[in-house]
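Residue numbers (the numbering used here), protein chains in the order written: chain A, 1 to 192; chain B, 193 to 532.
The C-beta atom is built at its ideal place from N, Cα and C for all residues, glycine as well.
Laid out in structure tokens, this is it:
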């Protein structure tokens with residue numbers, strides 16, 4: 001059977017991507033140990049790149065791994081249909097579907113025509129990397145009562161994607177605001 | 193259970209360092225960057241301390257009537273051991289320890305010898321491992337592993353005093369009391385106390401090393417330096433078996449703050465038995481797809497002349513790590529391989 005060249009335990013290092021039980025994992029911590037006169041052990045912490053869950057594994061000298069080949073492609077978000085999100089490769093115009101479940105939190109910040117980086121494991125999209133800032137429109141929020149100092153500094157607002165966040169009281173319905181996708185928090189008001 | 197309490201990731205650290213000493217700098221005569229200079233300059237204190245520790249070690253042995261010897265670094269073949277791989281040097285090898293040559297000296301009538309030398313072991317690199325490292329090895333005629341443990345205690349206390357440390361030292365956050373007597377624990381007892389399995393079970397399931405590394409080592413030498421001793425017979429290829437219980441070898445290891453520092457034993461001086469064990473070790477190597485090493489025939493021919501003795505190897509870099517309370521072996525050497 002031909003495939004990519006295998007890694008052995010002594011190749012293990014932080015950042016290495018390998019296949020375990022058919023799924024891609026990335027090494028997040030690594031320690032070489034060798035008890036007196038004993039065999040070399042490679043203690044590793046690995047994160048499943050699909051589920052995000054971490055596992056601890058100890059490998060012995062000579063154990064081999066299949067490298068996980070992952071591809072990153074720039075794609076445009078086209079539209080949402082039920083819990084299916086449609087994306088298009090900007091170069092090949094090939095279209096793919098990512099489920100709401102695998103998108104996780106990123107679904108909150110997807111607006112039509114947004115360019116994102118899609119991480120592919122074989123044919124399977126396993127992650128979407130968003131720009132750090134996206135602009136989204138406020139659909140509903142309470143009006144600001146001028147001079148009312150009893151209210152808090154923030155109020156809830158619902159965005160066009162259904163995402164709810166806290167915004168400053170002066171933000172009104174229909175306004176466009178910038179969100180930091182890394183924190184999911186309000187960043188600034190966009191002047192139109 | 194992975195604590196990674198000492199889990200400094202070496203490869204990433206090294207990569208950063210190598211990146212630092214890239215070719216972009218223009219401030220030196222040689223045209224290389226200055227990043228490596230800064231790292232090297234930052235280690236000056238540690239290297240000064242290291243030099244003092246080496247002086248104290250020498251003083252201890254010279255004061256106790258030992259002869260300092262130097263044996264060749266480059267040898268025809270290392271002693272066959274299952275898990276120790278030598279670095280080839282042309283058709284010969286760089287030694288993995290000076291054991292064979294020093295024992296030949298003992299067989300020739302040298303009664304107390306010590307050596308501080310560089311040794312090489314292939315593919316050993318981690319927070320506590322360098323493929324080229326410094327070993328202190330000493331042998332004493334007439335001694336056994338118990339008297340050797342005592343001498344080991346004396347040496348380390350002598351060095352500690354010599355470099356101005358008191359009775360206690362701090363290493364990895366543990367306050368370690370150096371006053372005598374140090375703690376001693378049987379391997380069997382350590383498995384009972386710190387793991388959910390017995391030595392026999394661990395050996396059968398080929399989990400001895402894993403349990404040692406994950407469950408036992410981190411518990412050893414936290415308050416007092418600790419000797420763990422009486423290893424299963426098959427875990428001491430060059431050690432004498434215990435007369436009262438031939439299932440165990442008269443071998444010990446010294447730990448401080450969970451870090452393995454030394455490995456010593458009552459020496460096997462029976463050439464026939466030694467040859468059998470080497471053959472077995474080579475069998476193990478073969479089974480694991482490792483190269484087998486040629487029989488050290490001269491050593492074996494002379495071994496029967498060696499008086500009952502005890503010998504020990506102590507990792508000097510690691511001893512410096514303990515005294516200086518540093519996390520990685522990189523911090524106690526002038527250059528790591530990645531910095532060359």
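Beta-carbon proximity of residue i to residue j, cut-off 7 Å
i              : j              : result
residue 362(B) : residue 522(B) : no
residue 68(A)  : residue 98(A)  : no
residue 127(A) : residue 119(A) : yes
residue 313(B) : residue 288(B) : yes
residue 501(B) : residue 298(B) : yes
residue 447(B) : residue 269(B) : no
residue 163(A) : residue 108(A) : yes
residue 407(B) : residue 386(B) : yes
residue 280(B) : residue 473(B) : no
residue 35(A)  : residue 525(B) : no
residue 154(A) : residue 321(B) : no
residue 319(B) : residue 520(B) : yes
residue 424(B) : residue 395(B) : yes
residue 323(B) : residue 317(B) : yes
Boundaries of the beta strand (DSSP E) in which residue i is found, first to last residue
i              : result
residue 458(B) : 451-458
residue 80(A)  : 70-81
residue 369(B) : 366-369
residue 89(A)  : 84-89
residue 291(B) : From DSSP, residue 291(B) is part of no beta strand (DSSP E) but of the alpha helix (DSSP H) over 291-299.
residue 166(A) : 164-167
residue 363(B) : 360-363
residue 307(B) : 304-312
residue 428(B) : It is not in any beta strand (DSSP E) - residue 428(B) carries neither H nor E in the DSSP assignment.
Residue i: contacting residues in chain B (beta-carbon distance under 7 Å)
i             : result
residue 41(A) : 401, 402, 405
residue 32(A) : 317, 318, 321
Cβ-Cβ separation, residue j to residue i (assumed contact under 8 Å), whole Å
i              : j              : result
residue 383(B) : residue 403(B) : 7 Å
residue 46(A)  : residue 20(A)  : 7 Å
residue 442(B) : residue 432(B) : 5 Å
residue 330(B) : residue 503(B) : 7 Å
residue 327(B) : residue 311(B) : 5 Å
residue 138(A) : residue 171(A) : 6 Å
residue 85(A)  : residue 49(A)  : No, residue 85(A) and residue 49(A) are not in contact; Cβ-Cβ is about 19 Å, not under 8 Å.
residue 245(B) : residue 511(B) : 7 Å
residue 145(A) : residue 129(A) : At roughly 40 Å, the Cβ-Cβ gap does not stay under 8 Å, so residue 145(A) and residue 129(A) are not in contact.
residue 184(A) : residue 165(A) : 7 Å
residue 376(B) : residue 419(B) : 5 Å
residue 573(B) : residue 463(B) : With chain B represented from 193 up to 532, any question about residue 573(B) goes unanswered, as that position is not in the structure.
residue 113(A) : residue 181(A) : About 16 Å separates the two Cβ atoms, so there is no contact after all.
residue 370(B) : residue 338(B) : So it is not a contact: roughly 19 Å between Cβ atoms.
Bounding residues of the alpha helix (DSSP H) (the contiguous stretch that carries residue i)
i              : result
residue 353(B) : 337-354
residue 392(B) : 391-396
residue 246(B) : 236-255
residue 102(A) : 100-103
residue 226(A) : Outside the modelled stretch of chain A, which goes from 1 to 192, sits residue 226(A), for which no answer is possible.
residue 463(B) : 463-479
residue 386(B) : 379-386
residue 403(B) : 400-403
residue 505(B) : Note, residue 505(B): premise wrong, no alpha helix (DSSP H); beta strand (DSSP E) at 501-507.
residue 444(B) : Taken as a continuous stretch (DSSP letters only), residue 444(B) belongs to no alpha helix (DSSP H), being part of the beta strand (DSSP E) at 440-448.
residue 495(B) : 489-495
Chain A contact residues for residue i, given Cβ-Cβ distances below 8 Å
i              : result
residue 427(B) : 37, 38
residue 455(B) : 36, 37
residue 452(B) : 35, 36
Residues that residue i contacts on chain B, provided the C-beta gap is smaller than 9 Å
i              : result
residue 104(A) : Under the 9 Å cutoff, chain B gives no residues; its nearest Cβ is about 26 Å from residue 104(A).
residue 62(A)  : 480, 481, 482
residue 10(A)  : 315, 317
residue 58(A)  : 194, 402, 405, 406
Chain-ordered chain A contacts of residue i [CB-CB under 9 Å]
i              : result
residue 275(B) : 34, 37, 38, 39, 40, 61
Chain-ordered chain A contacts of residue i [CB-CB under 7 Å]
i              : result
residue 143(B) : Given that chain B is displayed from residue 193 to residue 532, the structure contains no residue 143(B) and the question cannot be resolved.
residue 445(B) : 36
Cβ-heavy atom distance, residue i to the ligand GTP, below 6 Å
i              : result
residue 287(B) : As for the ligand GTP, it is missing from this structure, which has no ligand bound.
Three or more C-beta pairs under 8 Å: does that hold for the region 4-14 of chain A against the region 87-107 of chain A?
Result no; under three Cβ-Cβ pairs closer than 8 Å.
Any chance the region 299-308 of chain B sits against the region 245-264 of chain B, with 3 or more Cβ pairs inside 8 Å?
With contact defined as three or more Cβ pairs closer than 8 Å, the region 299-308 of chain B and the region 245-264 of chain B are in contact.
Touch test, the region 470-486 of chain B against the region 413-422 of chain B, Cβ-Cβ under 8 Å, three pairs minimum:
The region 470-486 of chain B vs the region 413-422 of chain B: no contact.
Count the CB pairs spanning the region 256-265 of chain B and the region 453-460 of chain B that are closer than 8 Å, and state whether there are at least three.
Not touching, per the Cβ criterion.
Does the region 66-81 of chain A come close enough to the region 28-42 of chain A to have 3 or more Cβ pairs within less than 8 Å?
Under the 8 Å Cβ criterion, the region 66-81 of chain A does not count as touching the region 28-42 of chain A, having fewer than three qualifying pairs.
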